[in-house]
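Q:
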Amino acid sequence: MPARRVLVNSLPKSGTHLLTKAVSNLGYREYGQQRGYLDTLCVRLGRGTPWLLNYRQAQAGRKHPRRDETDSIRIGALTEYRVNPATLHHWLQRLETGSYIQGHMPFSPDLPPLLAQLDFRHLLIMRDPRAVLASLLHYIPNAHLTDMGPHFLAADFADLSPAQQLALLLDGGHAPRARLEILPFATVFRSLAAWRADSTCLLVRFEDLVGIQGGGSAERQAQTLHRIAAHLGLETAPAGEVYDREARTFRQGQVDGWRRSLDADAVHRIQTYCAPLCAELEYP
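Below you can see the structure in the form of structure tokens.
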């Protein structure tokens, strides 16, 4: 039976647009695109349902505290932010049948039963960690040029040199402008990769879904699209292209493009730092 709703989860800058396009091609509608002016205003006032399950939206959304529950579900990847299951249940139950919502949600054992209760299916896209870092370095200071608005680390990045920006992402630390503690990238990456152990979550790799236009393969793309459809309880793979240059956070969308966007010192540091992470997810 087809899933009523879908959580499209991702490590930030891992090609979320590819996965959302595939899900959209299957007939699901993005929750965030269905909101009206009042919905947007309520979120900004801390009274509504986030239209994205990321740090900034979740931090602004209305909470539903319960004495018998702890804030056990993490939302957002780069910094630690948690809500209780009752709050997330309230947010997710508002999605109409046939909708999907995007999120950056690290592993939490309390999330799968909540998704099952609300008839959600869970998809997660991951990417070569070296490419993720290269994309973050470009995206954070330039997010204001997209309809996503300024990144919460943009002001801190403006005070740092390129080498210091990379150090903050790799090593973590205090971001004074944002007033947040940033987690080390290895912690961030592994917190999302931990979903591999959960049988209710389908892990999709950017490199398998991007297709020929992004330096991948048509055969692997077709196989991945069939896996997505099957996980959602559908018999047919999505029709139409998933490589979309018009996506709101699209930059390059190339499997190995990250190497050309950084200087030699940054490439060396990223390769050295990411070697264990690449081995864990079997990236060459």
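Residue numbering for the sequence shown follows the numbering used here, beginning at 25 and increasing consecutively.
Every residue gets a Cβ at the ideal spot worked out from N, C-alpha and C, and that includes glycine.
#1: Taking the straight line between their C-alpha atoms, what separation do you get for T273 and P186?
#2: Quick one, which of L160, D183, R201, P174 has its alpha-carbon nearest I294's?
#3: State the start and end residues of the unbroken beta strand (DSSP E) segment that holds Q117.
#4: Residues in its own chain within less than 8 Å of T40 by CB, not counting five upstream and five downstream?
#5: Give the DSSP-derived three-state secondary structure of I236 in the structure shown.
#6: Which residues does DSSP pair with G197 in a beta bridge?
#7: May I ask you to report which of helix, strand or coil DSSP gives R91?
#8: Assuming L31 is part of the beta strand (DSSP E), what are its boundary residues?
#9: Just how far apart, CA to CA, sit A290 and A155?
#10: Taking buried to mean at least 16 other C-beta atoms within 10 Å of its own C-beta, is E120 buried or exposed?
#11: Can you name, in chain order, every residue of its own chain whose Cβ lies under 6 Å from the Cβ of L209, other than the five neighbours on each side?
#12: Three or more beta-carbon pairs under 8 Å between the stretch 137–144 and the stretch 228–235, yes or no?
#13: Per DSSP, what kind of secondary structure is H128 in: helix, strand or coil?
#14: Cutting at 7 Å between CB atoms, please list the residues of its own chain near Q189, excluding the five before and the five after it.
#15: For a test of the three-state rule: what should DSSP assign to F176, helix, strand or coil?
#16: In whole angstroms, what is the alpha-carbon distance linking D183 and I99?
#17: Here's a check: name, in chain order, each residue in its chain whose Cβ is nearer than 6 Å to the Cβ of W282, leaving out the five neighbours to either side.
#18: Name the residue from G238, A82, L233 whose alpha carbon lies nearest to the alpha carbon of A253.
#19: Near P14, what residues of its chain come up, given a Cβ to Cβ distance below 6 Å and the 5 sequence neighbours on each side ignored?
#20: Among residues of its own chain, excluding the 5 on either side of W115, which ones have a beta-carbon nearer than 7 Å to its beta-carbon?
#21: Taking 7 Å as the limit between beta carbons, can you name the residues of its chain near A242, skipping five residues before and five after?
#22: Provide the residue span of the beta strand (DSSP E) that contains I149, from first to last.
A: Reading from the atomic positions:
#1: A caution first: T273 carries a pLDDT of 46, below 50, which makes its placement in the model too unreliable to give a value.
#2: I294 has its Cα closest to that of L160, out of L160, D183, R201, P174.
#3: Per DSSP, Q117 is not a residue of any beta strand (DSSP E), being assigned neither H nor E.
#4: Its chain contains V32, S34, Q126, I149, T273 as the residues whose beta carbon lies nearer than 8 Å to that of T40, once the 5 sequence neighbours on both sides are disregarded; these appear in chain order.
#5: The answer is helix: DSSP assigns I236 an H, G or I state.
#6: G197 is bridged to I206.
#7: Annotated three-state conformation of R91 is coil, per DSSP.
#8: Looking at the DSSP string, the run of the beta strand (DSSP E) that includes L31 is 29–34.
#9: Near 12 Å, if we compare the C-alpha coordinates of A155 and A290.
#10: Result: exposed.
#11: It should be pointed out that residue 209 corresponds to Phe in this sequence rather than to Leu. If you ignore the 5 residues before and after F209, its C-beta comes within less than 6 Å of the C-beta of L193, L194, all in its own chain and listed in chain order.
#12: As far as the Cβ criterion goes, the stretch 137–144 does not touch the stretch 228–235, which means the pair count is below three.
#13: In this structure, H128 counts as coil in the three-state DSSP scheme.
#14: When the five nearest sequence neighbours on each side are left out, the beta carbons in the same chain lying within less than 7 Å of the beta carbon of Q189 are those of L161, F181, in order along the chain.
#15: Of the three classes helix, strand and coil, the one that applies to F176 here is coil, per DSSP.
#16: So the two alpha carbons sit approximately 26 Å from each other.
#17: Here the set comprises R154, A155, A158.
#18: Distance check between A253 and each of G238, A82, L233 places L233 closest, using alpha-carbon atoms only.
#19: The chain is shown only over 25 to 308; residue 14 falls outside these bounds and no answer can be derived.
#20: These residues qualify, in order along the chain: T73, P74, G85.
#21: Excluding sequence neighbours, A242 sits near G235, I236.
#22: Counting along the chain, the beta strand (DSSP E) containing I149 begins and ends at 144–150.
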